[in-house]
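J.: This structure is in structure tokens; I'll ask about it shortly.
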Amino acid sequence: MMNRKRLPIGDSLALIGGYAKSRIVGQIKSVAFIILYLVFFQVAILRTPLANALGTAGGIALVVFGLAFFLEGLVLGMMPIGERVGVKLPAKVGIVPICIFGIILGFGSTLAEPAISSLKTAGATITAWDSPLLYMILDKYSGMLVNAVGAGVGLAVALGMCRFYYGWNIKPIIFVVIPLVMALTVYASFNVNLSKIIGLAWDCGAVTTGAVTVPLVLALGIGVSRTANKGSGNDGGFGIIMLASAFPIAAVLGLGLYLNTLIPAATTEEVFFAPENKAVSAQLFNGNEAMIAEHAFTHGSEKGRRALFGNDSAKFNQTILAIANDESVCRQYLGNQTLQDWLAHRAGDYERGLLSSVEISSEAPVTEPLSKTLKEETAGGLRAVIPLTLLLILVLTLFLREKIRNKDEVALGLGFTLIGMILLTSGIKLGLGSLGGEVGAQLPKAFASEEKFVEQVVINNFDSTMLYSGISPEGENLTFFNLYENGQVKPVEYNPDYYDSEKHTYTQIITEKPLFNSQLSVLGIVLVLLFAFGLGYGATLAEPALNALGITVEDLTVGAIKRKQIVQVVSVGVGMGIVLGLSRILFDLPLVWLIIISYGLLLILTIFSEDGFASIAWDSGGVTTGPVTVPLVLALGLGIGGALNISDGFGILAMASAWPIITVLVFGIFTRLKQRKTLKTNNNE
Amino acid sequence: MNDNIEMEKTGKNRAFSPSRTVWRTQMAKGIYTPHRVSLITCMINNDLSALLQDFLTQLEVDTYIEQARNVRELVKPLPFGIPGDTVQLRSTPSTIFRFTVPRENVKDTINAIIALAGLNVPGRGTIFSQDLMEFSNQPPTINLAFLESKKVDNEDVTLLNHLSYMICVLSENGEGDNLAKNALDLGICVPQLTNATGNDIRDQLGLIRVTIPAEKEIVHLIMPEQDSSSIAQLLAEQAKLDRPGRGFIYQTPITVGLIDTYMKVGGQKFAASMEQVIAAIDSLKGNTNWRRRLDAEGSADSRNACVHSDNCEVTIISDEDRIDDLRATCLNVGATGATTSRVTRISASDRGKLSLVRSAVSIPAAMADTVVDSLLQISTIDKENVDKIKVLDSPSTYVRSL
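Keeping their order, the protein sequence lines are chains E and W. The first sequence begins at 364 in the numbering used here and counts up by one. The second sequence begins at 1326 in the numbering used here and counts up by one.
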């Protein structure tokens, strides 16, 4: 090796400065839209001040640095290693070891980047009596779910490798795999229990391909297809991610088919919690009856809780009071929820009345300390990056007996990836996620037509002599009293129901007024959908896996398709998909129809697309749902789903990964037509 | 005897040919025998590449494929009847095929490909051949029977000579499109753009190298020989190549070729476009000598400041694994500026699954012998038929070294 030149420190710093600046400015550009958009929505339209603005800003700064490090790390470390393994595998071993490696890699990547936590968030409001199968898969059998998804991804990577190895075309694979998954979905939709997991299955397909897996699998595919003795064509490396999104869907539906035989049927809340049905219901909780009670308190309504105590009011009252007075009883029934939280969101009017002495407010949960978040995210980052990289390095050095080129660069790249991952996920948790969560939680009031309970204040020493009368233009008599609070006197409407004449207390219920009058809720819905589109669009712009895909596409097409174009087209698609997914929640549309229509359209568009472009398009569906989009979209879905009492927030992600495929295919067809024109006009001459 | 033929082909007016010197020296050493071959380069629209690939497979030549894109100007009238046009650049994916054939088969092969892909229609692609020397394990072979069956007589197609193949290596991201636009505005030809990496500065640094992008954009241009040095000068000025580290331009001679002149799409205002008129006169005259440019004289003061004449282009095709060693060797003997791009090989005989790269370096003639010597030593030419080293004259090079 030649001698290394040494640069003066000044020059080195100038080089590093320019390099860092270009990367960071690039990432600021990519997150600017979503942040300005969220802030604008929060402040200008929802008219709510930003809570914890400083923390949010810090979190956003972390996101910017995280993205810059992560993307640079991928380009320097992860992708070169992945590509090298891909190049060397077919040269040294046959197709069988390649497939085995593919399965291990696919399975491992699923374990390393657990999407299950975000799925659990989406399913947090699921009740065991309404959707027992869904509840059980997410809770008792979540290990099995992860394994099923992992197996699906593993098989997908193996099949993708075979495709490159033998030079199969992508279209026949699409036309076999996708209709099969669609047929399975339609079949599942006819069963009450199974139809509930369709959303979960399709969302699994969308979220399994994480920010580390996508670039790695892409690079691997590029490597394998480079050595194939097949010559030109610019789809080298694409197509695996699409399979890795489709196979888990089938795997989850298959798991559902199997588990469905073991599960009690869906029923009503009262029946589910009734003492005589305890044995049946306990099947869902590993036979643990204490967990049934906890479920009644954390997920059920007052009706269910009464049923739990066999409609024995004395026992019911006693338990409720014990929860307020005894910390251990509180833990036993409410789990991790605080009493205040429970009272604000879950408790019925009677229960609230019973505990009126307890001061409640629905304040936002206290944000976790920075150190704890960093610690957690470091563990997550290490788990996502290290095992997969180790697997690749071991395969390359021990199994294939190859050197790693540019060891120092690769090591630096891996370090960057790790740092980037940690900063990115912590930043999202601290900044972007909380901002998104705030807006998501506020959003339902845009279309709400009724006042919503916010908090209650107990006024002591209340006396009815304080009341005075008022009148409305319609001649309606109203009663008021003056409340002195924070140095101001304000008239409050008096409701005799809340006055306790024995204790001389009045419970004031503070409600939130709807943003628009009830007649205008159509405008509210339009506003929500518009917001959803922008959210999807903006979040996707910042998605690192999409940027990695964009870089790869630009590279493979020698710049004929620019990275910016792909990122824009995909982002618009995600925006459209999220609008559709949210419509499902708002209007309670059957997800199966949305899926059939979207994918039917996709299959038709695929027929008219070029081979190379088809695989790029189908892959871009899988990359969209990454660490930036998922938390924001879930916050939105849950905020709205919660306000409308919809059982789960599934389906949005499924749509968010179907629609970018449509937009990219359409973009491809148009580009193609333009290019054809060049050739055609000449043929006529 | 051979020597005389060489002289006739590479240009009668040239007294000195560095590649011929290399050839002579290596022959005298007698270790590696250079083969005197013709390199055919075909830059073709992606829609036709499957057709050509099929043809070349049947022709049983080792072909190296590189992805590229070509850039044309899309001229559209302004909307609402406002006078004037808008000009946009439009990229189309294309493929570059490179293969070597014995010199006696060049004309037939080129004619067969022109007939096959209809390259005489502007907008479909470019094809040209260069006579050069190749060091490889075996001389190139060709399926003569197949070629005979495809033999056509393209009477209406006149291949042009006295052409020049200009390679512009640019370091700044996005400069490729700018230079392509300039080339289109000068009416030179349809530029082809490819990506490559150039590692020479980076290889000499420590880890700080990651801050310097390795990516280069390469613009391939074909133009009449007599204008080439002045056009190089013009392009170099517009791309500010007189500043260090921005890139360089060099050219190599073309024996015969066909230029794609379909540079502007849309907005044709006459019965024939200017490109068609030029192509017609080219083919009538059989050369491009009549198109001596008046605007390409350039500013005299900056002239020749950075132009090196009598350079040599050395191209190596090798396994990606060894490219680091090969490049290090080049650097050790003082040859800088190697650009490396990825190629895929299609070959009649499958020789295992390899990832190949093509590396090109333009060096002063005085260095050519040493570079070729050290490359030959480190290459595997004596063992297997993977590595190929080609040496080609490069009459003028515009470079500003660091």
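Glycine included, C-beta positions come from ideal geometry on N, C-alpha and C.
(1) Just reading off the alpha helix (DSSP H) that W:Asn1657 is part of, what are its end residues?
(2) Is it buried or exposed for E:Ser983, if we count other Cβ within 10 angstroms and need 16 for buried?
(3) Assign W:Val1668 to one of three DSSP states: helix, strand, or coil.
(4) When you compare only the Cα positions, how much space is there between W:Asp1528 and W:Leu1717?
(5) How would you call W:Gln1702, buried or exposed, if buried means at least 16 neighbouring beta carbons within 10 angstroms?
(6) Could you check if E:Trp349 is buried or exposed, using at least 16 other CB atoms within 10 Å of its CB as the buried criterion?
(7) Counting only C-beta atoms, is W:Pro1418 closer than 7 Å to chain E at any point?
(8) If you pair each beta-carbon of the segment 776 to 790 of chain E with each one of the segment 738 to 755 of chain E, do three or more pairs fall below 8 Å?
(9) Below 8 Å on the Cβ atoms is my guess for E:Met499 versus E:Ile626; work out the distance and round it to an integer in Å.
(10) How is W:Tyr1397 classed by DSSP in three states: helix, strand or coil?
(11) Quick check: is the beta carbon of W:Ile1641 nearer than 7 Å to any beta carbon in chain E?
(12) Taking W:Leu1485 as the reference, which of W:Val1477, W:Thr1346, W:Asn1612 has the closest Cα?
(13) Leaving aside the five residues before and after E:Ile541 along the sequence, list all residues of the same chain whose C-beta is less than 7 Å from its C-beta, in chain order.
(14) Report the three-state DSSP secondary structure of E:His867 (helix, strand or coil).
(15) Would you mind reading off the limits of the beta strand (DSSP E) that contains W:Pro1427?
(16) Of all the options W:Arg1683, W:Cys1514, W:Asp1698, W:Ser1555, which has the alpha carbon lying nearest to the alpha carbon of W:Met1599?
(17) The beta strand (DSSP E) with W:Pro1720 in it runs from where to where?
(18) Hey, how far is the Cα of W:Asp1387 from the Cα of W:Leu1583?
(19) With distances taken between CB atoms, is the gap from W:Glu1645 to W:Ser1680 smaller than 7 Å?
(20) Which residues in the same chain have their Cβ closer than 6 Å to the Cβ of E:Leu1107, if we skip the five residues on either side of it in sequence?
(21) Would you say E:Gln1038 lies against chain W (beta-carbon separation less than 7 Å)?
(22) Kindly list, in the order they appear in chain W, the residues whose Cβ is closer than 9 Å to that of E:Leu1086.
(23) Would you mind working out which of W:Ile1533, W:Ser1608, W:Gln1463 sits nearest W:Val1426, comparing C-alpha positions?
(24) Specify, as a first and last residue, the run of the beta strand (DSSP E) that E:Thr473 falls within.
(25) Would you say W:Thr1519 reaches chain E, if we count a Cβ-Cβ gap shorter than 7 Å as a contact?
(26) What residues in the segment 898 to 922 of chain E have a beta carbon less than 8 Å from any beta carbon of chain W?
(27) For E:Asp704, which option in E:Val852, E:Lys678, E:Gln681, E:His662 has the closest C-alpha, if you only look at C-alpha atoms?
(28) Leaving aside the five residues before and after E:Phe672 along the sequence, list all residues of the same chain whose C-beta is less than 6 Å from its C-beta, in chain order.
(29) From this set, E:Gly568, E:Val555, E:Thr548, which residue's C-alpha is nearest E:Ile561's C-alpha?
(30) Below 6 Å CB to CB, which residues in the same chain sit around W:Ala1557 once its five sequence neighbours on both sides are set aside?
(31) Roughly how far, in whole angstroms, is the beta-carbon of W:Asp1585 from the beta-carbon of W:Thr1451, given that I think they are within contact range, below 8 Å?
(32) Could you tell me whether the segment 1528 to 1542 of chain W touches the segment 1493 to 1501 of chain W, where touching means 3 or more Cβ pairs closer than 8 Å?
(33) Determine whether the beta carbon atoms of E:Ala629 and E:Val555 lie at a separation below 7 Å.
(34) Locate the beta strand (DSSP E) running through W:Gly1523, then write down its first and last residues.
(35) Using only the alpha-carbon positions, how far apart do E:Ser972 and W:Pro1418 sit?
(36) Along the segment 741 to 770 of chain E, where does the CB come closer than 9 Å to a CB of chain W? Name the residues.
T.: The structure says:
(1) Where W:Asn1657 is concerned, the enclosing alpha helix (DSSP H) stretches over 1648 to 1657.
(2) Counting every other CB atom within 10 Å of its CB across the protein chains shown gives E:Ser983 a total of 16 or more, marking it as buried.
(3) Strand at W:Val1668.
(4) Across the structure, W:Asp1528 and W:Leu1717 are spaced so that their CA atoms are roughly 25 Å apart.
(5) Flag for W:Gln1702 reads exposed.
(6) No information on residue 349 of chain E is available, as it lies outside the stretch 364 to 1048 that chain E covers here.
(7) Yes - at least one Cβ of chain E is within 7 Å of the one on W:Pro1418.
(8) Counting C-beta pairs with one atom in each stretch, the segment 776 to 790 of chain E and the segment 738 to 755 of chain E have three or more that are closer than 8 Å, which means they touch.
(9) About 6 Å; that satisfies the 8 Å criterion.
(10) First, the residue type needs correcting, since residue 1397 of chain W is Arg and not Tyr in the sequence shown. If DSSP states are grouped into helix, strand and coil, W:Arg1397 belongs with the strands.
(11) In terms of beta-carbon proximity, W:Ile1641 stays away from the interface with chain E, with every pair separated by 7 Å or more.
(12) Of the listed residues, the one whose Cα sits closest to W:Leu1485 is W:Asn1612.
(13) Hits under 7 Å: Ala609, Tyr962, Leu966.
(14) Coil, per DSSP.
(15) Unbroken beta strand (DSSP E) run through W:Pro1427: 1410 to 1427.
(16) Cα-wise, what sits closest to W:Met1599 is W:Cys1514.
(17) It spans 1713 to 1723 - the beta strand (DSSP E) in which W:Pro1720 sits, taken as one unbroken run.
(18) Taking the straight line from one Cα to the other gives about 22 Å.
(19) Their beta carbons are under 7 Å apart, which means W:Glu1645 touches W:Ser1680 by this criterion.
(20) Nothing about residue 1107 of chain E can be read from this structure; chain E reaches only from 364 to 1048.
(21) Output row for E:Gln1038: interface = yes.
(22) In the structure as shown, chain E starts at 364 and stops at 1048, and residue 1086 of chain E therefore has no counterpart that could be examined.
(23) Answer by Cα proximity: W:Gln1463.
(24) If you look at E:Thr473, you'll find it isn't in any beta strand (DSSP E); it sits in the alpha helix (DSSP H) that goes 458 to 475.
(25) So, interface residue.
(26) Answer in chain order: Asp918, Leu919, Thr920, Val921, Gly922.
(27) With distances taken between Cα atoms, E:Asp704 lies closest to E:His662.
(28) These residues qualify, in order along the chain: Lys678, Phe679.
(29) Out of E:Gly568, E:Val555, E:Thr548, E:Thr548 has the C-alpha closest to the C-alpha of E:Ile561.
(30) Non-local C-beta neighbours of W:Ala1557 in its own chain, meaning closer than 6 Å and more than five positions away in sequence, comprise Ile1574, Tyr1723, ordered along the chain.
(31) Separation of the CB atoms of W:Asp1585 and W:Thr1451 is rounded to 5 Å, and the pair is thereby assigned contact status at 8 Å.
(32) Enough Cβ pairs lie closer than 8 Å, so yes.
(33) Contact flag set, yes.
(34) It spans 1517 to 1523 - the beta strand (DSSP E) in which W:Gly1523 sits, taken as one unbroken run.
(35) A straight line joining the alpha-carbon of E:Ser972 with that of W:Pro1418 spans about 15 Å.
(36) Within the segment 741 to 770 of chain E, those residues whose Cβ lies closer than 9 Å to any Cβ of chain W are, in chain order, Glu765, Lys766, Arg768, Asn769.
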